[in-house]
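S.K.: Okay, handing you the structure first.
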Ligand code: ADP
Ligand code: GLC
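In our numbering, the protein residues as written are -6 to 472.
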């Protein structure tokens, strides 16, 4: 039995701010249970719902030297959906209302977590063969593992994988403060190790010290080896090319299943969607205060509101798009104040045509995936993207920019061959995006048969975890 420990900052159903939590929460369930014992460790945040916190079992506690003094490390455990989850407890660090807070404090919280993950291992009945680290929050795990912990005979057999979910976030700060905080030795803070552009860089440390590096789509692998997408680490990623690959994310097909989803108004499947899916649209329009009209094309957006997601393009042409009566928008998201205000403004100017829901809601997200006709995701960059996979699963055709995982998962409509599962455009240009929206509208209104055939193809696409979990198994075996 191979033993794998996932370490991450978020994981469904306990705590989620984006796709990272979906991946860490669902992928472990899809490994061959006879051969792989995959467990997960995250911090024990106070914002984890009480229904989970009250079920956690105490495992152990001890004190660990970190940032100038001995600090409490508690370990708790919970079996959920057949997976063992561990939680690192320290109320000083993890009692905020959200998992992330001020950047410097986050660096301290997650370096503590990284060192604690390694320190708790001897007290668990689980000696992992591989620690699979996710994003910059856990970038120091491979660094501690191959340096400070290497002298202890318990650790050298453990391999580390670093998965990059988003290269933009690297966890950087000035070297002196990080050295003092983490207790890592001087020799690590050089440009061939943790230093990048005169700062200490957690993700870089993880990339340098991991035995293998992965990211979440094949196109993103190639993109981040170029200066435009490489966030100043492109040369390092080139240098690691022989131990670096892309494995596409999947989604949990049990959680996102239009035929069996209690969060939506009307269940449907590939056979009856022509009659049933529209009931979701009508109910959604009425819930959100949009003009109720079965015929009007409804475009959904569910997203963190950051510049990554292409909102600058939407800002540029939204008024032009809304001048005709042929489309409506249902928007759900939170994030940068600027984009939140932008959607509130559009909603005020175009009542009945656009509904701006500036909040986080699992239920509404499912209702938008199910009730919309198309899903707009014009990202500037997108390591993988899960929202477009959810949209496809609910027969809601994605309109995307051809970047990262969007390019790998949405096949553009080809009217000559009658193939494809959505619409796409290449350049980061507002009018190019609008042309794709207009093209989608034209197919929706003038070629309804074709549109429905595309919906059926989209729903039948398989982006469940099965294929990708097999690729991770092969990678684990090779290490
Ligand atoms: P990212 O991780 O970059 O935010 P992904 O497409 O990989 O993008 O994943 C986003 C996930 O977060 C999806 O599960 C999406 O449904 C969810 N999500 C984003 N914003 C919200 C929101 N406001 N309410 C509910 N779910 C949201
Ligand atoms: C990141 C990326 C997103 C990806 C997700 C899960 O948040 O922005 O593209 O799908 O991680 O890997």
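All residues carry an ideal CB built from backbone N, CA and C; glycine is no exception.
Let me confirm a value: residue 130 is counted as buried when at least 16 other C-beta atoms fall within 10 Å, else exposed. Which label applies?
M.R.: buried
S.K.: What does DSSP give as the partner residues of residue 71 in its beta bridges?
M.R.: Answer is 78, bridged to residue 71.
S.K.: How is residue 407 classed by DSSP in three states: helix, strand or coil?
M.R.: strand
S.K.: Cβ of residue 327 versus every heavy atom of the ligand ADP: is any distance shorter than 8 Å?
M.R.: yes
S.K.: Based on the DSSP output, what are the partners of residue 412 in its beta bridges?
M.R.: 407
S.K.: Does DSSP classify residue 21 as helix, strand or coil?
M.R.: Residue state, collapsed to three classes: helix.
S.K.: Kindly indicate which three-state DSSP category residue 151 falls into: helix, strand or coil?
M.R.: coil
S.K.: Spell out a yes or no on whether the stretch 448 to 468 and the stretch 330 to 337 are touching, meaning 3 or more CB-CB pairs, one atom from each, closer than 8 Å.
M.R.: Cβ pair count under 8 Å is below three, so no.
S.K.: Determine the DSSP secondary structure at residue 349, reduced to helix, strand or coil.
M.R.: strand
S.K.: Can you tell me which of the three DSSP states residue 321 falls into?
M.R.: strand
S.K.: Residues bridged to residue 166 by DSSP?
M.R.: 193
S.K.: Would the beta-carbon of residue 144 fall within 9 Å of that of residue 124?
M.R.: no
S.K.: Exposed or buried, what is residue 444 when buried is set at 16 or more other beta-carbons lying within 10 Å of its beta-carbon?
M.R.: buried
S.K.: At what residues does the beta strand (DSSP E) containing residue 337 begin and finish?
M.R.: No beta strand (DSSP E) contains residue 337, which is instead part of the alpha helix (DSSP H) from 330 to 342.
S.K.: Go through the stretch 234 to 286 residue by residue and report every complete run of the alpha helix (DSSP H) that reaches 4 residues or more, in order.
M.R.: For the stretch 234 to 286, whole alpha helix (DSSP H) runs of length 4 or above, ordered along the chain, are 266 to 281.
S.K.: Would you mind giving the Cβ-Cβ distance between residue 373 and residue 421, rounded to the nearest angstrom? I have them listed as a contact below 8 Å.
M.R.: 6 Å
S.K.: With DSSP collapsed to three states, give me the class of residue 97.
M.R.: helix
S.K.: Excluding the 5 residues preceding and the 5 following residue 474 in the sequence, name in chain order all residues of the same chain whose CB lies nearer than 7 Å to its CB.
M.R.: Residue coverage of the chain in this structure runs from -6 to 472, which leaves residue 474 outside it and unanswerable.
S.K.: So if DSSP puts residue 58 in a beta bridge, which residue, or which two residues, is it bridged to?
M.R.: 63
S.K.: Could you round the C-beta distance between residue 119 and residue 164 to whole angstroms and report it? I think they count as a contact, below 8 Å.
M.R.: Contact flag wrong, Cβ pair sits at about 27 Å.
S.K.: Decide if residue 298 is buried, meaning its Cβ has at least 16 other Cβ atoms within 10 Å, or exposed.
M.R.: Buried.
S.K.: Does at least one heavy atom of the ligand GLC sit under 8 Å from the Cβ of residue 15?
M.R.: yes
S.K.: With DSSP as the reference, identify every bridge partner of residue 50, one or two as the case may be.
M.R.: Beta-bridge pairing links residue 50 to 70.
S.K.: Helix, strand or coil for residue 217 per DSSP?
M.R.: coil
S.K.: Quick one: using the 10 Å Cβ neighbour count with 16 as the cut-off for buried, is residue 410 buried or exposed?
M.R.: exposed
S.K.: In this structure, how does DSSP classify residue 144 when only helix, strand and coil are distinguished?
M.R.: Reduced to three states, the DSSP call for residue 144 is coil.
S.K.: Out of 426, 357 and 293, state which residue places its alpha-carbon closest to the alpha-carbon of residue 257.
M.R.: 357
S.K.: Using a Cβ-Cβ cutoff of less than 7 Å, which residues in the same chain neighbour residue 375 once the five nearest sequence positions on both sides are dropped?
M.R.: 396, 397, 398 and 399
S.K.: In chain order, what residues of the same chain have a beta carbon less than 7 Å from the beta carbon of residue 4, not counting five sequence neighbours either side?
M.R.: 14, 17, 18, 33 and 35
S.K.: With distance defined between alpha-carbon atoms, name the residue in 359, 378, 343 and 327 nearest to residue 353.
M.R.: 327
S.K.: Classify residue 221: buried if its beta carbon has 16 or more other beta carbons within 10 angstroms, exposed otherwise.
M.R.: exposed
S.K.: Are there any heavy atoms of the ligand ADP lying less than 8 Å away from the beta-carbon of residue 9, as far as the coordinates show?
M.R.: Correct: residue 9 has its Cβ closer than 8 Å to the ligand ADP.
S.K.: What span of residues does the beta strand (DSSP E) with residue 34 cover, start to end?
M.R.: For residue 34, the enclosing beta strand (DSSP E) starts and ends at 29 to 36.
S.K.: Taking just the CA atoms, how far does residue 303 sit from residue 347?
M.R.: 18 Å
S.K.: Taking the continuous beta strand (DSSP E) assigned at residue 208, which residues delimit it?
M.R.: 205 to 208
S.K.: Taking DSSP as the reference, what is the three-state secondary structure of residue 454?
M.R.: Three-state result, residue 454: coil.
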